[in-house]
Amino acid sequence: MVEDSMSVSTFDIFKVGIGSSGSVDEHPIPYPFRSGEELLQMCKESGRTIADLVLENEKCWRSTYDIRAGLLAIAGAMDASIARGCSIGGELHGPIRVRRRAAGQYQQLSKRGEGSLRAPLLMRDRVNLYARAVKEERAAGGRFVTAPINGAAGVIPAVLRYYRKFVPGANEDGVVDFLLTATAIGIICREDVSPSGAEVGVAYSMAAAGLAAVLGGSNEQIENAVEIALAPNLDITCDPVEGFAQHPCIERNSMGAIKAINAARMALRRSATSKIRHQNWISCGVGTD
């Protein structure tokens with residue numbers, strides 16, 4: 001950092017892959033999991049939820065207060081990108097001339113009033129809208145949260161907004177648990193390979209895990225949600241068309257948010273663990289050429 005041409009502090013950060021960075025001054029963490037199996041075993045031995053375990057690791061760097069404040073700030077940034085995406089029309093830059101549709105869809109849904117929010121299909125319409133709004137904002141060069149990666153950045157904000165808007169009893173504690181749980185899945189995917197090789201599937205699984213957690217799912221049910229979301233969506237990327245990641249990437253994020261919600265709800269109805277652990281799906285399906 002530089003202040004009045006004087007160096008006040010320095011530190012080294014190095015890039016270790018898409019969506020991740022590291023420091024030469026890494027702190028040892030109490031729960032260094034690298035796979036879903038290790039994560040579940042550590043949760044079982046410690047009696048912690050996935051969110052609690054990730055929180056304990058994060059406390060090696062900052063206080064619980066700061067972690068919570070940071071996660072709520074991230075959630076706020078996600079909400080802000082949805083709001084901006086729902087308020088701006090026109091065309092996105094690029095040769096395809098993709099129109100921004102989120103603002104028009106928002107106006108259509110707003111005319112139905114608050115009473116329509118509980119209609120099941122209209123809930124889905126709004127989730128589709130949330131993901132589209134973020135992706136259009138991203139494609140326009142606006143501010144958004146890269147989680148897990150640019151091409152799939154609309155899924156997690158849309159599912160988190162679904163939780164806050166439509167799940168009874170939703171609160172800030174749930175938002176924090178959602179993001180901590182999603183983080184655990186992102187870490188596992190990153191440990192094997194770069195998320196860019198199956199960015200859509202990784203986003204689906206992170207969002208499904210977070211939602212399953214705040215809907216009251218057990219650690220095993222959260223793992224089931226990951227497997228349900230990830231297995232059918234391996235190796236789906238958002239490759240640029242004519243140099244721009246717009247179509248069909250925007251629609252893919254909207255579809256992904258709905259799939260993540262379905263995966264979480266399906267997992268909560270399961271009574272048995274998956275036949276193939278999600279770590280095996282990651283190992284065989286996530287990769288880059």
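Using the UniProt record's numbering, read the sequence shown as starting at 1 and increasing by one per residue.
By construction, the Cβ of each residue, glycine as well, lies at the ideal position given by its N, Cα and C atoms.
Return the Cβ separation of V159 and I261 in integer angstroms, given the expectation that the two are a contact with Cβ distance under 8 Å. Sure, about 6 Å apart at Cβ, within 8 Å.
Per DSSP, what kind of secondary structure is R99 in: helix, strand or coil? Annotated three-state conformation of R99 is strand, per DSSP.
Distance check for A208 and F33, CA to CA, integer angstroms please. Their backbone Cα atoms lie some 20 Å apart in a straight line.
So which of R101, D125 and R100 has the shortest CA-CA distance to R112? Considering only R101, D125 and R100, the residue with the shortest C-alpha distance to R112 is D125.
Could you name the residues that DSSP lists as bridge partners for E91? Per DSSP, the beta bridge partners of E91 are R99.
Rounded to whole angstroms, what's the CA-CA distance from residue 290 to D177? Just pull it up for me. The requested residue 290 does not occur in the structure, where the chain is confined to residues 1 to 289.
Between the alpha carbons of W61 and V54, how many angstroms are there, rounded? Looking at the two C-alpha atoms, the distance is approximately 12 Å.
How is the alpha helix (DSSP H) around G169 delimited, first residue to last? For G169, no alpha helix (DSSP H) encloses it, and the DSSP letter there is neither H nor E.
Cβ shell of S254 (< 6 Å), same chain only, five flanking positions each side left out: Here the set comprises N128, A131 and R132.
Let me know the secondary structure DSSP gives S218 once reduced to three states. DSSP places S218 outside both helix and strand once states are collapsed to three, so it counts as coil.
Residue interval of the alpha helix (DSSP H) (run including C86): Premise fails: C86 is in no alpha helix (DSSP H) and is neither H nor E.
Whole-angstrom distance between A140 and E91, CA atom to CA atom: Across the structure, E91 and A140 are spaced so that their CA atoms are roughly 9 Å apart.
Reducing DSSP to helix, strand and coil, say where Y130 ends up. Under the three-state reduction of DSSP, Y130 is assigned to helix.
Measure the C-alpha to C-alpha separation of N150 and R138 and round it to an integer number of angstroms. Roughly 8 Å between the two C-alpha positions.
Considering only the alpha carbon of each residue, which of P148, R270 and M78 lies closest to I187? Check the Cα spacing between I187 and each of P148, R270 and M78: the tightest is with P148.
Given a cut-off of 8 Å on the beta-carbon distance, is the pair A257 and G154 in contact? Yes.
So, for T64: in the same chain, excluding its five sequence neighbours on each side, which residues have a beta-carbon less than 8 Å away from its beta-carbon? The beta carbon of T64 is closer than 8 Å to those of L55 in its chain, skipping five residues each way along the sequence.
CA-CA distance, Y163 and E223? The C-alpha of E223 is placed about 19 Å away from the C-alpha of Y163.
For G104 and G85, believed in contact at Cβ under 8 Å, the rounded distance: Actually they do not touch by this definition, with Cβ atoms about 12 Å apart.
Using a 10 Å radius around the Cβ and a threshold of 16 neighbouring Cβ atoms, would you call P157 buried or exposed? By the neighbour-count rule (16 or more Cβ atoms within 10 Å), P157 is buried.
Take I29 as the anchor and find which of K59, F166 and T49 has the nearest alpha-carbon. Closest option to I29, Cα to Cα, is K59.
Name the residue from E251, R252, I250 and A213 whose alpha carbon lies nearest to the alpha carbon of M266. Nearest of E251, R252, I250 and A213 to M266, Cα basis: A213.
Distance, A203 Cα to V24 Cα: A caution first: V24 carries a pLDDT of 47, below 50, which makes its placement in the model too unreliable to give a value.
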